[in-house]
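Chain order of the listed sequences is A and B.
Per this note's numbering, the first sequence starts with residue 87, numbered consecutively.
Per this note's numbering, the second sequence starts with residue 87, numbered consecutively.
See below for the structure under consideration.
Number of protein chains: 2
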Amino acid sequence: MNAVAATVEAVADAAGRHVRALMTSLEQRLAELAADHGEVLARHGGDTIAAGGKRLRPLVVFVAAGGIPGDGGRALVRAAAAVELVHSATLVHDDILDAADLRRGRPTVVASAGRAMATATGDLLFSRAFAELARNERRDEVRALSVASTALARGELLQRAEAFDVGVTLERYLRRCELKTAALFQAACELGALEGGADETRVGELAAFGRRIGLAFQLLDDVLDVSGPPGRTGKRRGADLLDGTVTLPLILARERSDDVAAFDLREIGGPAEAEALCDAIEATGAAEDARRLALEMVNEASATLPPLPTAQLHALHLIADGVVDRYA
Amino acid sequence: MNAVAATVEAVADAAGRHVRALMTSLEQRLAELAADHGEVLARHGGDTIAAGGKRLRPLVVFVAAGGIPGDGGRALVRAAAAVELVHSATLVHDDILDAADLRRGRPTVVASAGRAMATATGDLLFSRAFAELARNERRDEVRALSVASTALARGELLQRAEAFDVGVTLERYLRRCELKTAALFQAACELGALEGGADETRVGELAAFGRRIGLAFQLLDDVLDVSGPPGRTGKRRGADLLDGTVTLPLILARERSDDVAAFDLREIGGPAEAEALCDAIEATGAAEDARRLALEMVNEASATLPPLPTAQLHALHLIADGVVDRYA
Numbered sequence: 087m088n089a090v091a092a093t094v095e096a097v098a099d100a101a102g103r104h105v106r107a108l109m110t111s112l113e114q115r116l117a118e119l120a121a122d123h124g125e126v127l128a129r130h131g132g133d134t135i136a137a138g139g140k141r142l143r144p145l146v147v148f149v150a151a152g153g154i155p156g157d158g159g160r161a162l163v164r165a166a167a168a169v170e171l172v173h174s175a176t177l178v179h180d181d182i183l184d185a186a187d188l189r190r191g192r193p194t195v196v197a198s199a200g201r202a203m204a205t206a207t208g209d210l211l212f213s214r215a216f217a218e219l220a221r222n223e224r225r226d227e228v229r230a231l232s233v234a235s236t237a238l239a240r241g242e243l244l245q246r247a248e249a250f251d252v253g254v255t256l257e258r259y260l261r262r263c264e265l266k267t268a269a270l271f272q273a274a275c276e277l278g279a280l281e282g283g284a285d286e287t288r289v290g291e292l293a294a295f296g297r298r299i300g301l302a303f304q305l306l307d308d309v310l311d312v313s314g315p316p317g318r319t320g321k322r323r324g325a326d327l328l329d330g331t332v333t334l335p336l337i338l339a340r341e342r343s344d345d346v347a348a349f350d351l352r353e354i355g356g357p358a359e360a361e362a363l364c365d366a367i368e369a370t371g372a373a374e375d376a377r378r379l380a381l382e383m384v385n386e387a388s389a390t391l392p393p394l395p396t397a398q399l400h401a402l403h404l405i406a407d408g409v410v411d412r413y414a
Numbered sequence: 087m088n089a090v091a092a093t094v095e096a097v098a099d100a101a102g103r104h105v106r107a108l109m110t111s112l113e114q115r116l117a118e119l120a121a122d123h124g125e126v127l128a129r130h131g132g133d134t135i136a137a138g139g140k141r142l143r144p145l146v147v148f149v150a151a152g153g154i155p156g157d158g159g160r161a162l163v164r165a166a167a168a169v170e171l172v173h174s175a176t177l178v179h180d181d182i183l184d185a186a187d188l189r190r191g192r193p194t195v196v197a198s199a200g201r202a203m204a205t206a207t208g209d210l211l212f213s214r215a216f217a218e219l220a221r222n223e224r225r226d227e228v229r230a231l232s233v234a235s236t237a238l239a240r241g242e243l244l245q246r247a248e249a250f251d252v253g254v255t256l257e258r259y260l261r262r263c264e265l266k267t268a269a270l271f272q273a274a275c276e277l278g279a280l281e282g283g284a285d286e287t288r289v290g291e292l293a294a295f296g297r298r299i300g301l302a303f304q305l306l307d308d309v310l311d312v313s314g315p316p317g318r319t320g321k322r323r324g325a326d327l328l329d330g331t332v333t334l335p336l337i338l339a340r341e342r343s344d345d346v347a348a349f350d351l352r353e354i355g356g357p358a359e360a361e362a363l364c365d366a367i368e369a370t371g372a373a374e375d376a377r378r379l380a381l382e383m384v385n386e387a388s389a390t391l392p393p394l395p396t397a398q399l400h401a402l403h404l405i406a407d408g409v410v411d412r413y414a
């Protein structure tokens, strides 16, 4: 079990039995959605949903709700499924752009069925997400998800537009992380809070928590790309650098080392050179400082949580800690 | 002015001055949405929206509404914009898969910015569509658009899954056309009818009209691919055949000619051979019969319209005729 999966387990324990019941319902609903596309043609969409990630975002939805709403949680489960579907859609499309062969240990849609099927599969998952959420008949929920979904696409556009541009500022980098990662964590919190019957103030407070841990999540992802260790991340260091993605460790390191600052990402010849650049970045202490910034964000996220029932608060703290523990 | 643009003009004249006002508002709203993504990174999404098609689907939304609703038509314009955004999103993604260089006489996003930017741009347009429609705060509208958007993706998946499979049945072909084209015309009618205050029965009747003309639209598109003439369509005949897309003219021709039936689409060496196959298909009368089937659908669509105000009915008939006139 990896660190995120362990977090999901610990949180489910802490939040109470109802979260386990909801997670079970979520899997059932996702399986139904997969079966609903049972025609051969939609197999890849079904596979992608069924293959299962760690369901971290749905977990956030459930914990933010703070309990099982009066309808037995059916609407809450649909909201969580919608968030997971949007997340899955972006993964399928990202895998096309990265020409990735494996995801969660299985062949990616693009690897097994080609770019055309993968593009359409991602579109299908996006559409299913909104179809699923529309069943809740809540305009505020559709709005929250569409804002997040727009942000994801804008973040992706920004990343591609800024590729190989080592002059990217810290501010611009953080904006990109907010768009491509934090927005969906924020929406997960909002959707959970809305279904849990939270008032506007409480929804806003939980949304801020989601945004902060989402931002920290992305920062730590970027640190892991530089620092590994590969034994834990399952991939070689420097993959982002090879793609030309300028992340926080590089931004900080460029301020501290003329050698790193002089480096042109376009000239990286292959994985070994990318790893050498990772070493140079780490030598400046930039990766460690980036990690520290992420930890501060997570602490801030936990510290600014409003008064909530003890079990819910504990579960939210565990989620925040889990974002950090991926690094341990 | 091409045939569809002429239809848009004629319909706007017939439906009354309010439709022209709505079309102007639509362009303003689309321009605002484009400007809203004014950062360099989102330029392509903005370009795609602003570049402008013939806005046939928004026109259908407006005519189905039958007038300007009490809010001055703001919600109606948002619904029309959402339909156009979903349509644009699918075009951007289709152009990636087809590696198309030009669309509406301008470079495609994939041609000018690459596959990565085009994938993200399409995702952005999808997301913006739902964000725009969510502002109407109507669950029935979000449901209608998400059903259509899901259908589009499924239709695309089906087309890719069935590529080069000459054994595709008529039933399966029609199902694919319903998904990839008719569903969005149906949604356009539903959204217009809902904003126009139609009751459930009337919404259903207009939805059926939309589905029928959408189906006919796709059938005629497929006939045009075989019959051209290139001088009107602006592209060489047989492009679908080159892509391995099995359409109605081929399905019918295979029943009538052993030579056509024996043809393996994978063995088409290039455009000249594809054109030769088009000639063989036409020689069986299959293209003409496919066109006749489409005309019957359009007539059926017009004949089964419910009693409606004269100007609205006239405009709907013009839209139906316009679908056919693309062939003339």
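For each residue, glycine too, the CB sits at the ideal point set by N, CA and C.
- For Leu219 (chain A), the three-state secondary structure derived from DSSP is helix.
- Under the DSSP assignment, Val254 (chain A) falls outside any alpha helix (DSSP H); it carries neither an H nor an E label.
- Contact annotation: Val169 (chain A) and Pro144 (chain A) have beta-carbon atoms nearer than 8 Å.
- Note that the C-beta distance between Ser232 (chain B) and Ala161 (chain A) is not below 8 Å.
- The three-state secondary structure of Leu188 (chain B), taken from DSSP, is strand.
- Just so you know, the alpha carbons of Leu351 (chain A) and Pro193 (chain B) end up roughly 29 Å apart.
- Around the C-beta of Arg298 (chain A), 16 or more other C-beta atoms lie within 10 Å, and the residue is accordingly described as buried.
- Thr236 (chain A) reaches chain B at Leu210, Ser213, Arg214, Ala217, counting residues in chain order whose Cβ is nearer than 8 Å.
- Taking C-beta separations shorter than 7 Å and ignoring five residues to either side along the sequence, the partners of Val289 (chain A) in its chain run Glu276, Ala279, Leu280, following chain order.
- For the region 161-183 of chain A, residues whose beta-carbon sits nearer than 7 Å to a beta-carbon of chain B comprise His179, Ile182, Leu183.
- The continuous stretches of alpha helix (DSSP H) do not include Ile154 (chain A), and DSSP gives it neither H nor E.
- Interface residue (Cβ-Cβ distance to chain A less than 8 Å): Arg246 (chain B) is classified as such.
- Taking Ala376 (chain A) as reference, the option from A:Leu402, A:Ala347, A:Leu404, A:Thr333 with the minimal CA-CA separation is A:Thr333.
- Taking the Cα positions, Val163 (chain B) is about 16 Å away from Ser174 (chain B).
- For Ile405 (chain A), the enclosing alpha helix (DSSP H) starts and ends at 396-411.
- Taking all protein chains shown into account, Lys321 (chain B) has fewer than 16 neighbouring C-beta atoms within 10 Å of its C-beta and is therefore exposed.
- Comparing alpha carbon positions, the residue from B:Lys266, B:Gly282, B:Gly283 closest to Ala302 (chain B) is B:Lys266.
- When B:Ala401, B:Pro335, B:Leu116 are compared, the shortest CA-CA separation from Gly139 (chain B) is found for B:Leu116.
- Met203 (chain A) and Leu327 (chain B) have their C-alpha atoms some 18 Å from each other.
- A direct Cα-to-Cα measurement between Val309 (chain A) and Glu374 (chain A) gives close to 8 Å.
- Measuring C-alpha to C-alpha distances from Leu260 (chain A) to each of A:Ala120, A:Ala96, A:Gly300 identifies A:Gly300 as the nearest.
- In the three-state scheme derived from DSSP, where H, G and I count as helix and E and B as strand, Pro315 (chain A) is classed as coil.
- For Ala274 (chain B), no chain A residue has a Cβ inside 7 Å of its Cβ, as the nearest lies near 16 Å away.
- Rounded to the nearest angstrom, the gap between the Cα atoms of Glu257 (chain B) and Leu306 (chain B) is 17 Å.
- In the structure shown, the three-state DSSP call for Pro144 (chain B) is helix.
- A contact is defined here as three or more CB-CB pairs under 8 Å, and the region 391-409 of chain B meets this definition with respect to the region 141-157 of chain B.
- Following the DSSP letters along the chain, one finds Val384 (chain B) inside the alpha helix (DSSP H) bounded by residues 372-389.
- Its Cα nearest to that of Gly153 (chain A), the residue A:Ala98 stands out among A:Ala98, A:Ala120, A:Glu242, A:Val90.
- Contact note: Val228 (chain B) reaches chain A through Phe216, Ala220, Val228, using a C-beta cutoff of 7 Å and chain order.
- In the DSSP assignment, Pro193 (chain A) is bridged to A:Leu188.
- At a beta-carbon threshold of 7 Å, the residues of chain A lying near Ser232 (chain B) are Ser213, Phe216, Ala217, Ala220, ordered along the chain.
- Following the DSSP letters along the chain, one finds Val105 (chain A) inside the alpha helix (DSSP H) bounded by residues 103-122.
- Not a single CB atom of chain B sits nearer than 8 Å to the CB of Arg189 (chain A).
- Between Glu223 (chain A) and chain B, the shortest Cβ-Cβ separation is below 8 Å.
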